[in-house]
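Novice: One structure coming up, written as C-alpha cells, with questions to follow.
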Amino acid sequence: MYFYQPSQGHGLPHDPLNAIIGPRPIGWIASLDAQGRRNLAPYSFFNCFNYRPPIIGFASSGWKDSVRNIAETKEFVWNLATRELASAMNETSASLPQGEDEFAFAGLTPAASRFVNAPRVAESPVHFECKLSQCIQLTAADGTPIDTWLVLGEVVGIHINETLLENGIYQTAKANPVLRAGGPTAYYTISDSHRFDLVRPDAR
C-alpha cells in the first residue's frame with residue numbers, strides 16, 4: 001500500500017486525491033453580480049447533499065466571482081454540463097476580468113429563470129434554480145481558516161428537457177453528462193452499458 005501524509009506532500013507526479021474521489025459531477029454555476037452582470041464558471045467540487053428540501057453545493061478555492069456574486073444576490077443556477085457542451089464549459093473556466101461575460105465568451109445563450117434572476121444556459125438540458133442556503137468558509141482540523149468556500153443552495157426550480165424523461169423516469173446516461181477526473185485534463189462520460197442495479201437490503 002502506498003502511504004503518504006497530505007501535509008507532507010504526496011510524492012507522486014500528480015496529486016491523486018482528485019482521481020480517487022472521481023469522476024465528480026461538475027457544478028456549472030451561473031450567477032449575477034450586484035450590477036446585474038452575468039458570470040458562468042465550472043466547479044469540479046460539486047454535489048447534492050439533501051433530498052427534501054433539495055440542497056446542492058460547490059466549493060471554490062478562493063473568493064472567486066461566483067462566490068462573491070452569490071453572497072451578494074443570494075441566488076444562482078446550476079446547469080448540467082454534457083459532452084456536447086464540454087468545450088464551451090471548458091471555455092467558461094478562463095480567468096476573465098471581473099464583470100466580463102462568460103456566456104458571450106463561450107458563445108452560450110442566457111435564458112431567463114422563473115424564480116431567480118440568475119440566467120440559465122439555454123443549450124444545457126437541465127437546470128436547477130437555487131437560493132443561497134449557506135456560504136461557509138472551510139477550516140482545517142485545528143480550526144485554522146482555509147481560503148476555500150462551500151456554497152450551498154436550496155433548489156427552488158428544476159428544468160428538464162423532456163427528451164430525457166422516459167415514462168416519467170429521468171435517464172441519466174441519455175443526458176451524456178461530463179464528469180471530472182484526476183489530472184489536469186481528464187474527463188469522463190457515462191454509458192448505460194456500464195450500468196448495474198442493486199436493491200437495498202431489508203432492515204434487520
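Heads up: the sequence shown begins at 1 in the UniProt record's numbering, then just goes up one per residue.
Every residue gets a Cβ at the ideal spot worked out from N, C-alpha and C, and that includes glycine.
All of these numbers come straight from a predicted model, not from anything done at the bench.
Residues in its own chain within less than 8 Å of A122 by CB, not counting five upstream and five downstream?
Specialist: L108, T109, P110, A111.
Novice: I'd like to know whether the C-beta atoms of I55 and F49 end up nearer to each other than 8 Å.
Specialist: It is a contact, given that the beta carbons lie within the stated cut-off.
Novice: Go through its chain and collect everything with a Cβ distance to A41's Cβ below 8 Å, but skip five positions before and after it.
Specialist: Same-chain partners within the cutoff: W28, I29, K64, D65, S66, T92, S93, E102.
Novice: Could you give the distance in angstroms between the alpha-carbon of residue 218 and the alpha-carbon of I158?
Specialist: Absent from the model: residue 218. The displayed extent of the chain is 1 to 204, so no value can be given.
Novice: By Cβ distance, which residues of its chain are closer than 6 Å to A88, with the 5 residues on each side in sequence left out?
Specialist: Excluding residues within five positions, the ones whose Cβ falls inside 6 Å are A106, L108.
Novice: Can you list, in chain order, the residues of its chain whose CB lies under 7 Å from that of G11, leaving out five sequence neighbours each side?
Specialist: Result list for G11: Y4, in chain order.
Novice: So, for R37: in the same chain, excluding its five sequence neighbours on each side, which residues have a beta-carbon less than 6 Å away from its beta-carbon?
Specialist: Cβ within range, chain order: G99.
Novice: How long is the line joining the alpha carbons of H194 and A173, rounded to whole angstroms?
Specialist: H194 and A173: Cα-Cα distance of roughly 10 Å.
Novice: Measuring straight from C-alpha to C-alpha, what distance separates P128 and A203?
Specialist: Residue identity check: residue 128 is Phe in the sequence provided, not Pro. Straight-line Cα distance between these residues: approximately 33 Å.
Novice: Need the endpoints of the alpha helix (DSSP H) that residue 241 sits in, please.
Specialist: Shown here, the chain extends from 1 to 204; a query on residue 241 therefore has no answer.
Novice: Between which two residues does the alpha helix (DSSP H) holding L17 run?
Specialist: Counting along the chain, the alpha helix (DSSP H) containing L17 begins and ends at 17-20.
Novice: Just mark F76 as buried or exposed, buried being the case when its beta carbon has 16 or more other beta carbons within 10 Å.
Specialist: F76 is buried by the Cβ-count criterion.
Novice: Does DSSP classify N176 as helix, strand or coil?
Specialist: N176: coil per DSSP, three-state reduction.
Novice: Can S133 and L152 be called in contact, C-beta distance under 8 Å?
Specialist: Going by C-beta atoms, S133 is nearer than 8 Å to L152.
Novice: For T185, collect the residues of the same chain with a Cβ closer than 6 Å to its Cβ; drop the 5 residues on either side in sequence, then sort them by chain order.
Specialist: Contacts found: none.
Novice: Give every residue of the same chain whose Cβ lies closer than 7 Å to the Cβ of A34, excluding the five residues on either side of it in the sequence, and list them in chain order.
Specialist: Only E72, T73 meet the Cβ criterion.
Novice: By how many angstroms is the C-alpha of P25 removed from the C-alpha of A19?
Specialist: Cα to Cα, A19 sits roughly 13 Å from P25.
Novice: Among residues of its own chain, excluding the 5 on either side of Q171, which ones have a beta-carbon nearer than 6 Å to its beta-carbon?
Specialist: These residues qualify, in order along the chain: L164.
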